[in-house]
Amino acid sequence: MQPQNGIPIDYYIWLAAALFTIGVLGVLYRRNAIIIFMCIELMLNAVNVLLVAFSTYLNDAAGQVFVFFIMAVAAAEVAVGLAILIMMYRNTKTTDINILNRLKW
Amino acid sequence: MQHYLISLLIFTPLVAACICLFLPKKFEKAFRAVALIVNVQQILWLLPMLVGFRASGMFQFVERSNWITLNLGSWGVLKAEYLVGVDGMSLPLVALSVFVLLIATISSWSIQKNVKGYFVLLLILNAAVIGSFVALDFLLFYLFFEFMLLPMFFLIAIWGGPRREYASIKFLLYTLLGSILILVVMIGLYTSVSDPVASQGGLLVHSFNLLHMMEPMNFISNTILDPNNPWQIGWFNARYWAFLLLFIGFAIKLPMVPLHTWLPDAHVEAPTPVSVILAAILLKIGGYGLLRIAYPIFPEAAMHFGMFVGIMGVLSIIYGALNAMASKDLKRLIAYSSVSHMGFVLLGAASVTEEGIAGAVYQMVSHGIISAMLFLIAGVLYDRTHDRIIDHYSGLSSKMQNFTALVLVGFFASMGLPGFSGFIAEVMVFLGSFRSNATNGVLHESLAVIATSGLILSAAYYLWTLQRMFFGPFHLKANIESDAIVDLTSREYVMLVPLAIAALCFGIFPQPMLDMIDPFAKYLTALVIDHGKAITLNP
Amino acid sequence: MNALFVICGLGIISLIAEIANFRKWLISIIVLGLLGAAALVVADWNTAVAYYHDMLVFDNFSLAFTGLIIGSSLLWFWTASDFFEALFHKTDKSALILFAIAGGVLMTSFNNMAMLFLGIEILSISLYVLAGSRKEDLGSNEAAFKYFLMGSFATGFLLFGITLVYGATGTFQINTIANYVLTHAGELPSFFYAGALLMLIGLAFKISAVPFHFWAPDVYEGSPTAVTGFMSTVVKIAAIASFFKIFATCFSTIAPVWYTILLVIMVLTLVIANITAVYQNSVKRMLAYSSVGHVGYILLAFLADHKESDGTIFFYLAAYAVSSLAAFGALILVGGKEENTLVERFNGLFKRNPIVAVGLTIALLSLAGIPPLPGFFGKYLVFAMAINNGMIPYVIVAIVTSLIGVYYYFRVIIAMYFKDAVAEPLKVSTSKEVLIVVLILITLALGIFPDFLIQLL
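From first to last, the protein sequence lines are chains A, B and C. For the first sequence, the UniProt record's numbering gives the first residue as 1, with consecutive numbering after it. For the second sequence, the UniProt record's numbering gives the first residue as 1, with consecutive numbering after it. For the third sequence, the UniProt record's numbering gives the first residue as 1, with consecutive numbering after it.
Encoded structure:
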């Protein structure tokens with residue numbers, strides 16, 4: 001793909017991949033539920049960045065529309081996620097997910 | 001009516017089972033009555049079949065209708081039919097099943113625990129047994145074959161003796177393993193065989209029809225079981241493997257040494273009527289499957305492994321007899337004698353001679369009658385004393401004269417004394433296995449010679465048992481009430497006497513049944529030898 | 001499409017039921033509505049209409065799976081009626097369930113990645129809440145949280161994959177992508193393949209294939225039993241349908257790229273899920289592993305021939321859904337209020353309540369694949385397809401794992417018939433007894449006449 005404004009699309013892909021990987025590693029390694037939420041948001045935002053970039057390079061608006069879908073759905077998802085977290089916090093008084101070991105193999 | 005006799009035989013018990021399901025639990029007599037009516041009705045439907053049957057190698061009373069037709073796009077069409085019919089092998093076995101099931105129902109009169117469940121399962125088992133003897137479509141056969149497993153499992157598991165859990169699970173695991181092996185071959189055959197009639201104009205119809213499977217022309221070229229080009233897997237080609245899988249699958253049911261260990265446990269724990277059905281009918285499905293499916297579909301493999309099958313048969317005869325001799329429990333003794341006698345079926349089949357195969361079928365029927373009688377005899381004793389240990393009894397003949405007379409008949413019949421059905425069957429098997437070397441070179445004569453020692457062994461353990469239990473001074477182990485030892489009740493006569501008469505009749509007048517079996521034996525022998533040669537000629 | 005409108009409408013009606021005060025009639029309205037939706041599916045049969053600029057296409061594939069989802073939901077409402085009676089927030093729960101069903105219908109009928117995404121999210125977000133609907137129970141909290149975490153994690157992968165595929169092909173329409181891939185074979189950028197694999201991972205999470213299954217047992221065990229029943233039937237059907245649609249159309253031409261990976265996933269799923277199931281003491285958890293294991297058989301059919309396997313997969317899912325619903329229905333009855341589903345709880349069930357015991361037995365036998373029950377025909381068709389395609393080693397693996405399956409299903413059956421009862425007779429309402437009989441009849445009918453359903457596709 002030819003760059004239109006000097007920055008090749010590959011750069012965006014690597015940026016998004018890096019952000020996405022940071023998000024994935026955060027989800028896998030952090031133990032605080034709030035930070036895990038933020039890492040998931042990071043994954044989704046990496047996707048958004050890449051979608052916007054592709055959308056511009058392809059001269060196709062569909063990608064940016066998709067970003068709105070993702071943002072709206074992510075907001076709904078986080079709302080539910082936080083509600084679940086609060087429900088858990090009421091029962092356990094902590095946001096550390098290490099206590100989530102009641103259900104084992 | 002004439003055209004639907006087989007369907008009536010299969011579906012009457014199923015309908016009756018459904019009716020029983022909706023009857024309230026407390027009508028215990030109703031369940032017994034329904035089961036008895038079904039059995040009597042089945043006999044009434046069987047009679048016109050026996051009369052109308054014409055001795056020939058053809059299937060008769062055939063019913064055929066579409067059951068499953070699936071268009072699977074580029075995979076062709078999956079076609080399974082409701083195809084049933086009887087020939088000279090299946091009709092005697094169906095008759096045996098109906099007869100023994102009637103006796104088993106009468107014997108079930110003494111069941112007290114959960115009568116409703118018991119008779120529903122018995123009726124389902126009835127349908128499945130008849131169905132597997134008449135099905136001519138592999139899928140239909142497999143369905144009935146598997147469907148026997150569950151009622152049997154629950155009959156042993158719920159109404160069995162103290163170690164019923166162990167025995168029923170062992171039974172289930174063994175038979176399930178066997179049926180999985182058969183299933184693998186069934187899938188292989190299904191992918192390899194096309195229906196010559198329906199497959200026209202580029203349409204590929206995969207058939208389950210057993211008769212199509214017996215014809216090497218119907219195998220699609222370059223499929224896994226194609227006789228012209230079978231795949232090589234390990235030591236053998238795919239067709240040899242398929243035969244071995246089928247053989248093991250049916251041999252478990254038969255049962256053949258060393259796959260027999262489920263049988264003594266299941267018999268010892270099962271209630272008497274269930275033992276009767278297990279020994280008299282279910283074991284026969286193993287032999288039936290070999291002769292109906294494994295031999296005609298894989299004839300060249302049957303010839304190739306003939307010696308192996310024969311040796312396994314002789315091994316079963318000898319090993320079963322030796323085990324019977326060492327058994328302390330009367331029921332276990334009879335179970336091992338079953339293993340021994342079913343070995344003759346293997347030996348007869350292995351010989352691929354007319355006499356051998358006819359003898360194998362005759363042995364199945366004869367053993368069905370005799371083993372039913374023997375298990376009833378064990379049941380008679382167990383009902384009275386709840387003890388089956390041989391050493392705990394002595395001199396029973398002084399208290400139970402009539403019972404002893406019937407025991408003598410049963411034991412002598414099982415020994416294969418002349419005048420009883422077992423004699424005819426075993427002599428034919430010996431003749432077949434002896435002649436096999438001269439006619440088709442499958443078996444060595446020595447096998448027949450070794451097998452005869454099985455007769456001597458069976459005489460030994462039966463006579464020894466007779467002498468220990470029934471003769472000599474009357475004596476019981478301390479904890480058995482001697483008041484309990486009384487002679488037969490009228491219900492027991494009704495069960496035992498017909499079986500004794502049948503064993504005698506088929507021993508003295510073997511001709512009617514041999515006439516029925518003979519065309520089948522001729523047909524199968526010719527088929528196996530001709531096709532076997534044809535297939536080995538073009539590798 | 002009309003069915004989708006009806007289902008969404010029912011969801012909205014449920015929401016206003018609390019305000020308009022017709023809670024009592026709600027379940028009847030929903031059942032009637034779902035029946036109507038099923039009738040609309042039948043009426044739409046063989047039409048294949050595209051809606052909203054081809055974003056949704058209701059062809060026979062979508063309609064069949066939609067019908068299956070609606071049918072399973074109807075039976076589910078019957079099995080889970082206590083779930084709505086027992087606690088408050090009845091209308092919220094039914095609204096969430098209905099929206100989840102709507103999401104499931106979207107997942108079977110999408111023709112645009114955006115619709116796939118929306119469908120998955122509508123389904124998942126409703127279920128996150130439902131999984132946590134036993135608010136005081138820590139297990140339920142934990143299930144909701146894990147489900148949420150793994151669900152959004154998987155969505156991240158799926159979205160990243162969608163984005164990369166979009167970048168390479170310039171469209172979200174799956175049939176356009178399929179055409180593009182066909183015409184531009186060999187000149188696709190490498191990140192297209194990365195995108196396909198990321199989508200594979202995302203969807204593997206959704207269908208809970210090993211090694212992306214670890215959330216499933218925890219979530220299934222912790223959620224209320226009724227919700228677990230919903231997850232293991234309706235949700236699974238929708239997930240498999242979307243997986244099939246993506247990989248059999250979009251990525252069919254690049255099959256060599258994902259074939260080996262999926263093969264490994266399939267074998268792992270069969271082996272690990274079935275072996276782990278043996279070691280479970282909770283029947284619910286055992287069923288969770290077994291439902292993971294069934295995905296392995298479906299994948300085997302898919303790998304044997306990904307274009308022609310739709311009929312087989314559809315039948316397999318239908319058989320699985322009916323048996324699974326019966327099993328979970330029995331689990332709800334036996335578990336009682338405290339939702340205790342340890343194997344010991346089933347001891348002597350045959351004496352406590354023979355109808356439930358027989359129903360559960362038939363369900364488990366069907367799941368184990370014993371003829372003449374539909375589970376057998378499902379497995380039979382899968383194995384036959386695989387053998388036809390020369391996948392004999394894999395069929396042997398599948399047969400061995402299904403034997404292992406027989407073992408763990410029989411553990412429950414043995415407990416029901418051999419062990420002595422631990423509690424007094426189990427009282428069951430007439431409606432539930434009728435339900436069990438209906439489920440048994442459906443199971444037997446599917447088993448003896450399987451061609452009717454498979455012929456649909």
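All C-beta atoms in this analysis are idealised placements derived from N, C-alpha and C, irrespective of residue type, glycine included. Remember, predicted model here, so these are calculated numbers, not experimental data.
If you look at C/Phe58, you'll find it in the beta strand (DSSP E) that goes Leu56 to Phe58.
The Cβ neighbour count for C/Ser124, taken over all protein chains shown within 10 Å, is at least 16; the residue is labelled buried.
By the CB criterion at 8 Å, C/Phe383 and C/Ala368 fall outside the cutoff. About 17 Å separates the Cβ atoms of C/Phe314 and C/Ala48, ruling out a contact at the 8 Å cut-off. C/Leu159 is classed as buried because its beta carbon has at least 16 other beta carbons within 10 Å across all chains shown. Residue nearest to B/Lys29 within the set B/Cys505, B/Pro13 and B/Tyr118 is B/Tyr118 (criterion: CA-CA distance). Taking 8 Å as the cut-off, the beta carbon of C/Val129 is found closer than this to the beta carbon of A/Val80. In the three-state DSSP reduction, B/Phe236 falls in the strand class (E or B). Under the Cβ distance rule, C/Pro217 does not count among the residues neighbouring chain B, no pair being separated by less than 8 Å. Residues of chain B whose Cβ lies closer than 7 Å to the Cβ of C/Asp451 are, in chain order, Ile68, Thr69 and Leu70. With contacts defined as CB atoms closer than 8 Å, C/Ala226 and C/Phe346 fail to qualify as a contacting pair.
Contact check between the stretch 60-80 of chain B and the stretch 237-251 of chain B: fewer than three CB pairs, one atom from each, fall below 8 Å, which does not count as touching. Assignment of beta-bridge partners to B/Asn209 by DSSP yields B/Asp137. From the beta-carbon of B/Val184, the residues of chain C found nearer than 9 Å are Phe383, Ile387, Val395, Ile396 and Ile399. When Cβ pairs closer than 8 Å are counted between the two stretches, the stretch 53-67 of chain C is seen to touch the stretch 110-122 of chain C, the count reaching three or more. Residues of chain B whose Cβ lies closer than 8 Å to the Cβ of C/Pro372 are, in chain order, Leu143, Glu146 and Phe147. Residues of the stretch 403-426 of chain C with a Cβ closer than 8 Å to any Cβ of chain B, in chain order: Leu403, Val406, Phe410, Ile414, Tyr417 and Phe418.
In the three-state reduction of the DSSP assignment, B/Glu81 falls in the strand class, which pools E and B. Annotation for C/Val49: the continuous beta strand (DSSP E) segment containing it runs Val49 to Tyr51. B/Leu330 and B/Gly52 have their alpha carbons spaced roughly 41 Å apart. The alpha-carbon of B/Leu203 is positioned some 35 Å away from that of C/Leu40.
A direct Cα-to-Cα measurement between B/Ser453 and C/Leu303 gives close to 56 Å. Taking every protein chain shown into account, the CB of A/Met71 has fewer than 16 other CB atoms within 10 angstroms, so this residue is exposed. It is roughly 10 Å from the alpha-carbon of B/Leu211 to the alpha-carbon of B/Asn218. The C-alpha of C/Ala318 is placed about 11 Å away from the C-alpha of C/Lys236. Using a Cβ-Cβ cut-off of 8 Å, B/Glu165 is close to Ile414 and Phe418 of chain C, given in chain order. Between the stretch 243-252 of chain C and the stretch 370-378 of chain C, the count of Cβ pairs shorter than 8 Å is below three; the stretches do not touch. Of the other Cβ atoms in all chains shown, fewer than 16 fall within 10 Å of the Cβ of C/Ser190; this residue is therefore exposed. B/Arg239 and B/Asp137 have their C-alpha atoms spaced approximately 20 Å apart. Taking 7 Å as the cut-off between beta carbons, the residues of the stretch 110-127 of chain C near chain A are Ala114, Phe117, Leu118, Glu121 and Ile125, in sequence order. Following the DSSP letters along the chain, one finds B/Phe61 in no alpha helix (DSSP H) but inside the beta strand (DSSP E) bounded by residues Gln60 to Asn71. Annotation for C/Thr253: Ala178, Val181, Leu182 and Ala185 place their beta carbon closer than 8 Å to its own, counting only its chain and skipping 5 residues before and after. Looking at the DSSP output, B/Val86 sits in a beta bridge with B/Gln60. Contact check for B/Ala358 against B/Ala521 passes: the beta carbons are separated by less than 8 Å. C/Phe153 counts as buried, since no fewer than 16 other beta carbons sit within 10 angstroms of its beta carbon. Cα atoms of B/Ala378 and B/Gln60: separation of roughly 38 Å, rounded to the nearest angstrom.
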